[in-house]
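What follows is a single structure, written as structure tokens, with notes after it.
There are 2 protein chains.
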Amino acid sequence: MTAPIPNTATRIVDAAMQLFGEKGYGSTSVADILAAANANSGSLYHAFPTKQDVLIAVLRRYLEGIWPMLLAPAWEGVADPVERIFALLDRYRELLKITDCSFGCPIGSLALEIHEPDPPVRALLAANFEAWVAAVRTCLDAAANRFPPEVDRQGLAQLVLSVMEGGVMQARTHRNLASFDAGVTALRHYFRLLERQARGLRP
Amino acid sequence: MTAPIPNTATRIVDAAMQLFGEKGYGSTSVADILAAANANSGSLYHAFPTKQDVLIAVLRRYLEGIWPMLLAPAWEGVADPVERIFALLDRYRELLKITDCSFGCPIGSLALEIHEPDPPVRALLAANFEAWVAAVRTCLDAAANRFPPEVDRQGLAQLVLSVMEGGVMQARTHRNLASFDAGVTALRHYFRLLERQARGLRP
DNA sequence: CTGTCATTTGACTGATCACTCAAGAAGTCA
DNA sequence: TGACTTCTTGAGTGATCAGTCAAATGACAG
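In order, the protein sequence lines correspond to chains A and B.
Residue 231 is where the first sequence starts when you use the working numbering, and the numbers rise one by one after that.
Residue 231 is where the second sequence starts when you use the working numbering, and the numbers rise one by one after that.
Next up, the structure:
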């Protein structure tokens with residue numbers, strides 16, 4: 231019934247996940263992580279060979295959390311597959327809003343911060359993007375009959391990710407949601423045109 | 231006639247511009263900059279109070295370079311305003327291609343790397359984005375009669391930036407141009423639908 | 001040539017970095 | 001209980017960080 235007491239390794243990953251999201255990987259020191267996790271350096275290095283292995287654990291946690299932490303809450307009570315895409319985008323908008331446009335998508339930030347990622351790090355960043363795109367693609371496939379058949383739904387899902395990441399980047403830089411909203415509005419308009427085009431083809 | 235010999239401050243900014251683009255701000259040490267610029271630390275700190283002031287000089291240089299270094303070469307021989315937008319996107323594609331998808335947009339990388347930027351840094355990042363968006367907006371305005379009049383051309387220009395930045399982010403992460411191309415293709419399709427919609431309104 | 005000021009030199013500083021390790025505590029078997 | 005393993009402690013390591021400064025040099029005016 232009661233929540234299990236998290237062990238040290240779990241506490242470290244929890245703390246690192248938050249800190250990497252807030253300050254980035256490079257600007258978060260091991261000492262920061264230890265302070266936030268109430269742990270000692272020996273405990274961290276007993277569980278993780280290097281700081282990079284903490285990052286890998288964090289990226290794995292993000293990957294595992296995509297469904298329970300992101301998609302499930304975003305899609306609760308939203309049945310329409312296309313609306314699910316915009317509900318997902320709205321989660322990021324909310325995140326930006328409640329953090330005054332300072333916290334965006336941690337995966338995107340890490341992907342651009344780490345310029346020469348070691349293969350396992352890059353693979354996990356890519357896997358996170360792939361899982362996100364796959365989720366959007368699932369929605370697009372579910373609504374496939376509303377789009378022209380020749381539409382590249384995988385490419386369209388990647389566009390949705392670009393709109394989100396690009397919108398987050400601009401919103402954070404301008405400390406203003408307007409550019410995020412503009413991207414989403416344009417995407418909505420594009421989807422409407424696609425649906426109209428499909429209806430025109432099968433009237 | 232001959233090129234002027236660059237002074238130390240110029241050499242430092244040159245070196246920093248390249249290094250910040252390649253490795254990011256945090257991962258570039260002052261020693262890295264000094265080595266690349268063939269200068270001593272005293273010279274750097276004579277010209278710039280802190281490392282951050284070097285970043286500011288770099289961002290100013292990017293801002294000044296948008297027209298001569300980016301837009302002018304991209305638009306040479308391209309008259310059609312909409313094609314100019316795609317010519318600009320193609321420059322980034324080329325940059326990704328020749329660097330094996332490792333070098334993208336330095337402004338975007340810095341914007342996401344620096345999580346709590348000091349006001350002057352954030353202002354310059356924002357100014358760079360604004361200048362880029364304004365250039366795209368100029369193209370959209372020049373082609374205004376081809377789009378439905380109710381289209382938000384400023385928002386559309388911001389969408390173009392998102393497509394570029396999001397595409398660069400995904401291309402770098404996957405080490406693959408496919409997702410970048412998918413975004414550009416979808417954008418092209420959206421523009422075509424917009425033009426078709428405008429023609430339908432004024433047949 | 002002399003005085004003045006701008007620039008450059010490079011050794012140096014203290015802080016902070018990721019990481020180590022010997023010692024001890026805590027858990028888990030018999 | 002005792003033997004054994006797993007985990008935790010926290011002071012300590014060398015490397016590297018951004019930044020300093022007194023002295024040397026260069027550029028130019030009178």
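Where is the CB? At the ideal position from N, CA and C, for every residue including glycine.
As the structure is a computational prediction, the values presented were derived from the model and not from experiment.
- Legend: CB atoms of the segment 322-356 of chain A lying less than 7 Å from CB atoms of chain B belong to residues Gly338, Ser339, Ala341, Leu342, Glu343, His345, Arg352, Leu355, Ala356.
- If you keep only unbroken alpha helix (DSSP H) runs of at least 4 residues inside the segment 343-405 of chain A, you get 349-372, 383-404.
- Fewer than three pairs of CB atoms, one per stretch, sit closer than 8 Å, so the segment 237-256 of chain B makes no contact with the segment 409-429 of chain B.
- One thing to note: Leu318(A) has its Cβ within 8 Å of the Cβ of Ala304(A).
- Taken through DSSP and simplified to helix, strand or coil, Glu306(A) comes out as coil.
- For Pro311(A), the three-state secondary structure derived from DSSP is helix.
- Contacts with chain A (Cβ-Cβ distance below 8 Å) from the segment 389-402 of chain B involve Leu389, Leu391, Ser392, Val393, Met394, Glu395, Gly396, Gly397, Met399, Gln400, Arg402, listed in chain order.
- For the 8 Å CB-CB criterion, Pro336(B) and Phe250(B) form a contact.
- Within the segment 241-289 of chain B, the alpha helix (DSSP H) runs of at least 4 residues that lie entirely inside it are, in chain order, 260-267, 271-277.
- By the CB criterion at 8 Å, Gly256(B) and Glu395(A) fall outside the cutoff.
- For the segment 404-430 of chain A, the set of residues with a beta-carbon nearer than 7 Å to any beta-carbon of chain B comprises His404, Ser409, Ala412, Gly413, Thr415, Ala416, Tyr420, Leu423, Gln427, in chain order.
- The three-state secondary structure of Ser409(B), taken from DSSP, is helix.
- Put simply, the segment 273-292 of chain B touches the segment 351-358 of chain B. At least three CB pairs are less than 8 Å apart.
- The beta carbon of Gly295(A) sits no closer than 8 Å to any beta carbon of chain B.
- In terms of CA proximity to Asn406(B), Gln388(A) leads the group Gln388(A), Val398(A), Leu423(A).
- When the five nearest sequence neighbours on each side are left out, the beta carbons in the same chain lying within less than 6 Å of the beta carbon of Ala357(A) are those of Leu293, in order along the chain.
- The beta-carbon separation of Leu386(A) and Ala416(B), rounded to 6 Å, stays under the 8 Å limit for a contact.
- In this structure Leu355(A) does not touch Ala364(A) by the C-beta definition: roughly 15 Å separates them, more than the 8 Å allowed.
- For Gly334(B), the three-state secondary structure derived from DSSP is coil.
- Rounded to the nearest angstrom, the Cβ distance from Asp244(A) to Ala267(A) is 7 Å, consistent with a contact under 8 Å.
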